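J.:
In this note's numbering, the protein residues as written are 968 to 1319.
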């Protein structure tokens, strides 16, 4: 656990140190609808309901930069309740109706027997702007274990298709994740899996600084214990929403909440789902920013302050010059006494 926290902290520091001149973002997630990583045996038969107080803490930190007009580089650290820890470095190309992304995915310190694993992350999206799109993403399908493992520890697949309606994009999404915990021989001793089927509605308004993503779907979470020959599983009908808001040209915020309004047990957990009064959820908070825009704004603020300081200095100098001139004695004209002499003008004239 300490190594995982250290990995997360190091990734955040790395993202912060490299983010100058890049787009960057951070998302934090928490929830209680999952199987904890530390569970190595089926849920105790004496428990009549799945516990609601087993929270997880996950998230993502990422940086992006354009590589010309048609390519972008993205480096990200992800901590996922199913896939654990991983680092991705992908390059995205876009031309015409096609968008392709490809790069390595590396699992870090997820298993004592196989602390490192590598795989390929790739995706393709075909889009007809304003009409429809379809996309396919795969991660880990070509995974290679570096430390005595030939198994595939991490795998993820996403298939989506959608069409445009006024002020919204309607999508159908199928997503699956799997993680294998390995023994010293490279064999799986436990398998976490998660599958999701959902309808999504991405609502927007042209020119508005906000968007709203609503979803309705079914999710199934399972954990298979190979030695015990048992599988704990939960099914959930989920409803959720994620709101995004652009606070300024440089900063965007997001917040999301998904809730299982009907969660039930399957297989070994049949009849032992969470209590009806339990609030099962997944929540997220996100922050993203355009570093170039932040830098331009900082330069404008510095220039404005320098200009204000120069104007203040010039005004102070002008006031000081005026005060000095007013302090000098004026010359006396013929027939007039010098200021401050105390001699009447007639006496001054008589003296002449």
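Ideal Cβ placement from N, Cα and C applies to all residues, glycine included. Note that the structure is a prediction, hence the values are computed from the model and not measured.
Does DSSP put residue 1258 in a helix, a strand or coil?
T.: Numbered from its first residue, the chain shown carries residue 1258 at position 291. Helix, per DSSP.
J.: Return yes when the Cβ of residue 1176 is within less than 7 Å of the Cβ of residue 1213, no when it is not.
T.: Your numbering for residue 1213 matches position 246 in the chain shown. Your numbering for residue 1176 matches position 209 in the chain shown. Yes, the Cβ-Cβ distance between residue 1213 and residue 1176 is below 7 Å.
J.: Assuming residue 1077 contacts residue 1120 under a Cβ cut-off of 8 Å, what Cβ separation, rounded to an integer in Å, is found between them?
T.: Numbered from its first residue, the chain shown carries residue 1077 at position 110. Numbered from its first residue, the chain shown carries residue 1120 at position 153. Indeed, because the Cβ distance is near 7 Å, the residues count as touching under 8 Å.
J.: How big is the Cα-Cα spacing for residue 1216 and residue 1125?
T.: As a position in the chain shown, residue 1216 is number 249, starting the count at 1. As a position in the chain shown, residue 1125 is number 158, starting the count at 1. Rounded to whole angstroms, residue 1216 to residue 1125 spans 31 Å at the Cα level.
J.: Can you tell me whether residue 1057 is buried or exposed, with buried defined as 16 or more other CB within 10 angstroms of its CB?
T.: As a first step, residue 1057 must be located in the chain shown, where it is residue number 90. Burial call: buried.
J.: In its own chain, which residues sit with a C-beta less than 6 Å from the C-beta of residue 1211, not counting the 5 before and 5 after it?
T.: Position 244 of the chain shown holds residue 1211. Closer than 6 Å at the Cβ level, and outside the excluded window around residue 1211, lie 1178, 1221.
J.: Output the boundary residues of the beta strand (DSSP E) element that contains residue 1147.
T.: Working through the chain shown from its first residue, we reach residue 1147 at position 180. Element bounds for residue 1147: 1135-1149.
J.: Shortest alpha-carbon distance to residue 1010 belongs to which of 1233, 1060, 1251?
T.: On the chain shown, residue 1010 is found 43 positions in, with the first residue counted as 1. When each option's Cα is compared against that of residue 1010, the closest is 1233.
J.: List, from N- to C-terminal side, the beta strand (DSSP E) runs of 3 residues or more that fit wholly inside the stretch 1004-1080.
T.: Within the stretch 1004-1080, the complete beta strand (DSSP E) runs of at least 3 residues are 1023-1033, 1038-1047, 1051-1062, 1065-1075.
J.: Shortest alpha-carbon distance to residue 1104 belongs to which of 1122, 1097, 1096, 1098?
T.: By 1-based counting over the chain shown, the position of residue 1104 is 137. Answer by Cα proximity: 1122.
J.: Hey, out of 1059, 1092, 1052, 1266, whose CA is closest to residue 1085's CA?
T.: As a first step, residue 1085 must be located in the chain shown, where it is residue number 118. For the set 1059, 1092, 1052, 1266, the Cα lying nearest the Cα of residue 1085 is the one of 1052.
J.: Please work out which residues of its chain come closer than 6 Å, Cβ to Cβ, to residue 1143, disregarding the five sequence neighbours upstream and downstream, and give them in chain order.
T.: Numbered from 1 along the chain shown, position 176 holds the residue referred to as residue 1143. Excluding sequence positions up to five before and after residue 1143, its CB lies within less than 6 Å of the CB of 1124, 1162, all in the same chain and listed in chain order.
J.: Please name the residue in 990, 1019, 1003, 1071 whose C-alpha comes closest to that of residue 1034.
T.: As a working mapping, residue 1034 is identified with position 67 in the chain shown. The residue with the shortest Cα to Cα distance from residue 1034 is 990.
J.: Alpha carbon to alpha carbon, how far is residue 1039 from residue 1170?
T.: Numbered from its first residue, the chain shown carries residue 1039 at position 72. Numbered from its first residue, the chain shown carries residue 1170 at position 203. Those two C-alpha atoms are separated by around 26 Å.
J.: With contact counted as at least three CB pairs below 8 Å, one residue from each stretch, are the stretch 1017-1037 and the stretch 989-1008 in contact?
T.: Short answer: they touch.
J.: Should residue 1205 and residue 1225 be called a contact, given that it needs their Cβ atoms to be closer than 7 Å?
T.: Counting from 1 along the chain shown, the entry for residue 1205 is found at position 238. Counting from 1 along the chain shown, the entry for residue 1225 is found at position 258. Yes. Within cutoff.
J.: Considering only their Cβ atoms, is the gap separating residue 1167 from residue 1140 smaller than 7 Å?
T.: To locate residue 1140, count along the chain shown from 1; it is residue 173. To locate residue 1167, count along the chain shown from 1; it is residue 200. In contact: residue 1140 and residue 1167 (Cβ atoms closer than 7 Å).
J.: So, helix, strand or coil for residue 1278, using DSSP?
T.: Reading the chain shown from its first residue, position 311 is the one you call residue 1278. Three-state result, residue 1278: helix.
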